[in-house]
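Trainee:
Number of protein chains: 4
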Amino acid sequence: MAIQPHYNRLAGRSLERIAALSDGVFAVAMTLMVLDLHVPSMAAVQSAADLARALLALAPRVLVYLMSFLTLGIFWLGQQTQLSNLSSSDRDLAWLQFAFLCAASVLPFTTALIAEFVTFRLALLVYWANILLLGAMLLASWRHARRAGLVPDDQAIAVACAIERRILVAQALYAAAAALCVISTWWSLGLILLVQLNYAIAPRLPWLRQL
Amino acid sequence: MAIQPHYNRLAGRSLERIAALSDGVFAVAMTLMVLDLHVPSMAAVQSAADLARALLALAPRVLVYLMSFLTLGIFWLGQQTQLSNLSSSDRDLAWLQFAFLCAASVLPFTTALIAEFVTFRLALLVYWANILLLGAMLLASWRHARRAGLVPDDQAIAVACAIERRILVAQALYAAAAALCVISTWWSLGLILLVQLNYAIAPRLPWLRQL
Amino acid sequence: MAIQPHYNRLAGRSLERIAALSDGVFAVAMTLMVLDLHVPSMAAVQSAADLARALLALAPRVLVYLMSFLTLGIFWLGQQTQLSNLSSSDRDLAWLQFAFLCAASVLPFTTALIAEFVTFRLALLVYWANILLLGAMLLASWRHARRAGLVPDDQAIAVACAIERRILVAQALYAAAAALCVISTWWSLGLILLVQLNYAIAPRLPWLRQL
Amino acid sequence: MAIQPHYNRLAGRSLERIAALSDGVFAVAMTLMVLDLHVPSMAAVQSAADLARALLALAPRVLVYLMSFLTLGIFWLGQQTQLSNLSSSDRDLAWLQFAFLCAASVLPFTTALIAEFVTFRLALLVYWANILLLGAMLLASWRHARRAGLVPDDQAIAVACAIERRILVAQALYAAAAALCVISTWWSLGLILLVQLNYAIAPRLPWLRQL
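Protein chains in written order, with this note's numbering: chain A, 1 to 211; chain B, 212 to 422; chain C, 423 to 633; chain D, 634 to 844.
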């Protein structure tokens, strides 16, 4: 009886398939947002000036799109880095990754919410909760991987520190930004965007690389 | 003439491509549901209380989304476990997997149906039929794989038992849950959710691991 | 100058990426159709009988969905078989495959068209033209692959015959079915469905295997 | 301290995952456009002539679809060629590729815009800006790859020249086409289409291969 392989130990072994599923979810999430950009209706556009005005009116949606893309890019990179440091997977890791993907697929919604209701603290907190959830799931999945022996020994210590520090510093900055909403949601949002841009373009600026 | 390779024997050989197609279908199904979450319209929201109320009104849809995600996660894991135990594929297996994918892609619809009409037995039976179909296709595909020699010999017996037992126990529990609808559809739905949560988080609870 | 690698010879080499792109296109096409299945509105459903009626009214759309899925499955298998018999790719093959994917992504539209206007010969011809295009692109891509030396020599002859015969026989049957529309579009559609079912489940029936 | 692996050096290493994400984004973008093709409503179609007229009315949208598909095909091939010539990735390359994907996912929108407002210079310039952005990101990503040592030495010089010349010549032609809009946007659009068709079918025509 004890020799029988147990289902839970068989399941969720394939890192490649988790990666492929993630790439699919991120790709769809990245592309679906474009559906919110509607070409101005011909009836409303009589002149070149009308068209310019109609396109300008789309600007906020384009900005939301870019912001979503930026955040999805940051977390896709974070997950990719993590998975590429694992030697195998297990069922628990798969479920933690599912939770991560679930949070990622909701991001276009929460980004649209904050874009629409930028002056409301509740919208900002929902948006921040989404980012927090993404970070928490990445961290939980990494901690589980270390505990379960899915990280090859020889890189366990140094890489683990780099990855965990990165997530914790980023989430601390996001939390500080969210806390600023007691002053103004604009300050919060501005700081969140700044942190995100930092993670996207920091490698260009040596003095920011330490974050 | 007999030496000519036959098309049906050439077709559907690639396990990797079946896996990739499945990851795509699951990724799209997992992400499409988010399209049902609409940001409250600005016109309807005057105050922070309005926004809180509007977001609360979205709660049932969020719940449906999480339920769909949970079920898709369970069956994605089930399929991934199965495919990772096969050494090759054939045309029949490909078609059984297509039927499985077809059932998976309909799941967001049946989940939305049960969420909307939770007190109707018919909605519950449709939802259960979908889960039954997913399980039946997984089982049929596994049985075919064993009969057709697609499972490497050395693991055929032990793994096969674990996989088949898993599917049969799960489907028996789902069927029992569905049968409860003669008392109340709420009991049915509650038990189905419990069984699903069991498969998602059971590994944490040793005494549930035997299921 | 002549030593410089030419861009066109560098491009489109990766069979794996063509396969991955195809799996994505097929996965999205297979799943998008489900968006056409709308849960009946609560307002219209007062009793269990209402719900049964509302679900029955969805039956044609479900049928269309299954038909699309069947056709996409057939051509996905056809393409997968073909690609798995190639040793490399080139730019021309990539463009022939793009044309194939383009035809595949339009299929949900033409299937919906024939489902809505089943008595119109024009709808049937559009649907048939789509199937013809899929077959023609598969054949063109295979012929190009042979001419360009992308098929490993040792299997070139026997496999090539099997693949080409398969496509030609299938397309001849489809053309015959389409021609029946001078009698009745129902006859056409019935025969097309029969041919498709044949390719999906034929392996089970020995006497049909020769087709 | 200096021995600790730095997060930015760990991140974004996997070329395979960037390729998989790209295939997902391109596949969704290629397929989403079909959603804009709506089957004519039954109420509006009484006769075969009505149906023919309704389908003809869809022709512009079908053309837009084909144009989008063509452009996406060209840039997918361009990116695939580039990635297949790299030996590894890094974080900066990942972000340049994200920007490329962002531009690719917006293409269906800008193509629809130019299709709707073909006589407006602004629409043409937006469309051209999108193509320019795609080319610029490809070039930036290639230049970065060379500078960062991601291109294996032995092919660096010859391949690099071929790839860069290709992008620069194409973009020069596109820019010239866009400049023609001072005469007429039709001339611009026609020349852009001609350039695109050249890149899609040029390999067939020896005297165009040098471009």
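For every residue, glycine included, the Cβ atom is placed at its ideal position computed from N, Cα and C.
In chain C, which residues lie with their C-beta within 7 angstroms of the C-beta of P319 of chain B?
Mentor: Within the second sequence, numbered from 1, the residue matching residue 319 of chain B stands at position 108. The contacting residues are V456.
Trainee: What three-state label does DSSP hand I614 of chain C in the structure shown?
Mentor: Counting from 1 along the third sequence, the entry for residue 614 of chain C is found at position 192. Helix at I614 of chain C.
Trainee: By a C-beta neighbour count over all protein chains shown, 10 Å radius and 16 as the cutoff for buried, is D724 of chain D buried or exposed?
Mentor: Here the question's residue 724 of chain D lines up with position 91 in the fourth sequence. It should be pointed out that residue 724 of chain D corresponds to Arg in this sequence rather than to Asp. Buried is the call here.
Trainee: Would you say R593 of chain C lies against chain B (beta-carbon separation less than 8 angstroms)?
Mentor: Within the third sequence, the letter at position 171 stands for residue 593 of chain C. Here residue 593 of chain C turns out to be Gln, not Arg, going by the sequence shown. Judged by the 8 angstroms Cβ criterion, Q593 of chain C is not in contact with chain B.
Trainee: Can a CB atom of chain B be found closer than 8 angstroms to the CB of W128 of chain A?
Mentor: Numbered from 1 along the first sequence, position 128 holds the residue referred to as residue 128 of chain A. Answer no: the Cβ-Cβ gap between W128 of chain A and chain B never drops below 8 angstroms.
Trainee: Exposed or buried, what is R823 of chain D when buried is set at 16 or more other beta-carbons lying within 10 Å of its beta-carbon?
Mentor: The count along the fourth sequence starts at 1 and reaches residue 823 of chain D at position 190. Per the sequence shown, the amino acid found at residue 823 of chain D is Gly instead of Arg. The residue is exposed, with fewer than 16 neighbouring Cβ atoms inside 10 Å.
Trainee: Which residues in chain D have a C-beta closer than 7 angstroms to the C-beta of R27 of chain A? List them in chain order.
Mentor: Numbered from its first residue, the first sequence carries residue 27 of chain A at position 27. One point to set straight first is that residue 27 of chain A is Ala, not Arg, in the sequence displayed. Those are L654, G657, V658 and V661, listed as they occur along chain D.
Trainee: Using alpha carbons as the reference points, say which of A:L70, A:A99, A:W186 and A:A43 lies closest to L139 of chain A.
Mentor: In the first sequence, residue 139 of chain A corresponds to position 139, counting from 1. Nearest of A:L70, A:A99, A:W186 and A:A43 to L139 of chain A, Cα basis: A:A99.
Trainee: For the 8 angstroms Cβ check, are there 3 or more pairs between the segment 607-622 of chain C and the segment 678-695 of chain D?
Mentor: No, the segment 607-622 of chain C is not in contact with the segment 678-695 of chain D.
Trainee: So the candidates are D:W775, D:L767 and D:T752; which of them puts its Cα closest to the Cα of W820 of chain D?
Mentor: The count along the fourth sequence starts at 1 and reaches residue 820 of chain D at position 187. Looking at the Cα atoms, D:T752 is the closest of the given residues.
Trainee: Label M253 of chain B either buried or exposed according to how many other C-beta atoms from any shown protein chain fall within 10 Å of its C-beta, with 16 as the threshold for buried.
Mentor: Counting from 1 along the second sequence, the entry for residue 253 of chain B is found at position 42. M253 of chain B should be labelled exposed.
Trainee: What does a CB cutoff of less than 7 angstroms around L318 of chain B pick up in its chain, not counting 5 residues either side in sequence?
Mentor: For the purposes of this step, residue 318 of chain B is identified with residue 107 of the second sequence, where counting begins at 1. For L318 of chain B, where only same-chain residues beyond five positions count, the Cβ hits under 7 angstroms are A240, S279, T282, L283 and N341.
Trainee: Along chain A, in chain order, which residues have C-beta atoms closer than 7 angstroms to that of L262 of chain B?
Mentor: Taking the second sequence and counting its residues from 1, one reaches residue 262 of chain B at position 51. Under the 7 angstroms cutoff, chain A gives F117, F120, L122 and A123.
Trainee: Taking the CB atoms as reference points, tell me whether L648 of chain D and S738 of chain D lie closer together than 8 angstroms.
Mentor: The sequence position of residue 648 of chain D within the fourth sequence is 15, counting from 1. The sequence position of residue 738 of chain D within the fourth sequence is 105, counting from 1. No, they are not a contact pair.
Trainee: Quick one: what does DSSP say N198 of chain A is sitting in, helix, strand or coil?
Mentor: The count along the first sequence starts at 1 and reaches residue 198 of chain A at position 198. Helix, per DSSP.
Trainee: Under the assumption that A692 of chain D contacts V39 of chain A (Cβ atoms under 8 angstroms), give the Cβ distance between them as a whole number of angstroms.
Mentor: Here residue 692 of chain D refers to the residue found at position 59 when the fourth sequence is read from its first residue. Here residue 39 of chain A refers to the residue found at position 39 when the first sequence is read from its first residue. No, A692 of chain D and V39 of chain A are not in contact; Cβ-Cβ is about 17 angstroms, not under 8 angstroms.
Trainee: If you reduce the DSSP assignment to three classes, tell me which class Q97 of chain A lands in.
Mentor: The count along the first sequence starts at 1 and reaches residue 97 of chain A at position 97. Residue state, collapsed to three classes: helix.
Trainee: Are the beta-carbon atoms of L515 of chain C and F659 of chain D separated by less than 8 angstroms?
Mentor: Residue 515 of chain C sits at position 93 when you count from the first residue of the third sequence. Residue 659 of chain D sits at position 26 when you count from the first residue of the fourth sequence. Their beta carbons are not under 8 angstroms apart, which means L515 of chain C does not touch F659 of chain D by this criterion.
Trainee: Please compile the residues from chain C whose C-beta is within a distance smaller than 9 angstroms of the C-beta of W306 of chain B.
Mentor: Looking up residue 306 of chain B in the second sequence gives position 95. By Cβ distance, chain C contributes G495, L499, A622, I623 and P625.
Trainee: Buried or exposed, going by whether 16 or more other CB atoms sit within 10 Å of the CB of V815 of chain D?
Mentor: Mapped onto the fourth sequence, residue 815 of chain D falls at position 182. Looking at its Cβ environment, which holds fewer than 16 other Cβ atoms inside 10 Å, V815 of chain D is exposed.
Trainee: Given a cut-off of 8 angstroms on the beta-carbon distance, is the pair V45 of chain A and L51 of chain A in contact?
Mentor: Locating residue 45 of chain A in the first sequence gives position 45, counting from the first residue. Locating residue 51 of chain A in the first sequence gives position 51, counting from the first residue. Result yes, Cβ atoms of V45 of chain A and L51 of chain A sit closer than 8 angstroms.
Trainee: May I ask you to report which of helix, strand or coil DSSP gives S701 of chain D?
Mentor: As a working mapping, residue 701 of chain D is identified with position 68 in the fourth sequence. Reduced to three states, the DSSP call for S701 of chain D is helix.
Trainee: Can you give me the Cβ contacts of G135 of chain A inside the same chain, cut-off strictly under 6 angstroms, excluding the 5 residues immediately before and after it?
Mentor: Residue 135 of chain A sits at position 135 when you count from the first residue of the first sequence. The residues are I167 and Q171.
Trainee: In terms of residue numbering, what span does the alpha helix (DSSP H) encompassing F542 of chain C cover?
Mentor: Residue numbering aside, residue 542 of chain C sits at position 120 when the third sequence is read from its first letter. Per DSSP, F542 of chain C belongs to no alpha helix (DSSP H) and is neither H nor E.
Trainee: Would you mind telling me which residues of chain A sit closer than 9 angstroms to M253 of chain B, beta carbon to beta carbon, in chain order?
Mentor: The count along the second sequence starts at 1 and reaches residue 253 of chain B at position 42. Near M253 of chain B (Cβ distances below 9 angstroms), the residues of chain A are E116 and F117.
Trainee: On the premise that Q829 of chain D lies in contact with I707 of chain D, defined as a C-beta separation below 8 angstroms, what is that separation, rounded to the nearest angstrom?
Mentor: As a position in the fourth sequence, residue 707 of chain D is number 74, starting the count at 1. As a position in the fourth sequence, residue 829 of chain D is number 196, starting the count at 1. That pair is a contact at about 6 angstroms.
Trainee: Using a Cβ-Cβ distance cut-off of 8 angstroms, determine whether S295 of chain B contacts chain C.
Mentor: Taking the first residue of the second sequence as position 1, residue 295 of chain B is located at position 84. S295 of chain B does not count as touching chain C.
Trainee: Excluding the 5 residues preceding and the 5 following A793 of chain D in the sequence, name in chain order all residues of the same chain whose CB lies nearer than 8 angstroms to its CB.
Mentor: Locating residue 793 of chain D in the fourth sequence gives position 160, where the first residue counts as 1. Cβ within range, chain order: W775, R779 and V784.
Trainee: Please decide whether L408 of chain B counts as near chain C, where near means a Cβ-Cβ distance under 8 angstroms.
Mentor: Here residue 408 of chain B corresponds to residue number 197 of the second sequence, with the count starting at 1. Cβ-Cβ to chain C under 8 angstroms: no for L408 of chain B.
Trainee: A808 of chain D to T818 of chain D, Cα distance in whole Å?
Mentor: On the fourth sequence, position 175 is the one that residue 808 of chain D refers to. On the fourth sequence, position 185 is the one that residue 818 of chain D refers to. Cα to Cα, A808 of chain D sits roughly 13 angstroms from T818 of chain D.
Trainee: Are the C-beta atoms of C392 of chain B and some chain C residue less than 8 angstroms apart?
Mentor: As a working mapping, residue 392 of chain B is identified with position 181 in the second sequence. Not one chain C Cβ lies under 8 angstroms of C392 of chain B.
Trainee: Assuming contact is defined by CB atoms lying nearer than 8 angstroms, are I651 of chain D and L716 of chain D in contact in what I supplied?
Mentor: Translated into positions along the fourth sequence, residue 651 of chain D becomes position 18. Translated into positions along the fourth sequence, residue 716 of chain D becomes position 83. Going by C-beta atoms, I651 of chain D is nearer than 8 angstroms to L716 of chain D.
Trainee: Whole angstroms is fine: what's the gap from Q712 of chain D's alpha carbon to H777 of chain D's?
Mentor: Working through the fourth sequence from its first residue, we reach residue 712 of chain D at position 79. Working through the fourth sequence from its first residue, we reach residue 777 of chain D at position 144. Going from the Cα of Q712 of chain D to the Cα of H777 of chain D covers about 14 angstroms.
Trainee: Which residue's Cα is closest to the Cα of R272 of chain B: B:L344, B:F320 and B:A359?
Mentor: Working through the second sequence from its first residue, we reach residue 272 of chain B at position 61. The option with the nearest alpha carbon to R272 of chain B is B:F320.
Trainee: Please check if any C-beta of chain D sits within less than 8 angstroms of the C-beta of A481 of chain C.
Mentor: Numbered from its first residue, the third sequence carries residue 481 of chain C at position 59. It does not: the Cβ of A481 of chain C has no partner Cβ on chain D nearer than 8 angstroms.
Trainee: DSSP three-state call for H566 of chain C: helix, strand or coil?
Mentor: Position 144 of the third sequence, counted from the first residue, corresponds to residue 566 of chain C. Residue state, collapsed to three classes: helix.
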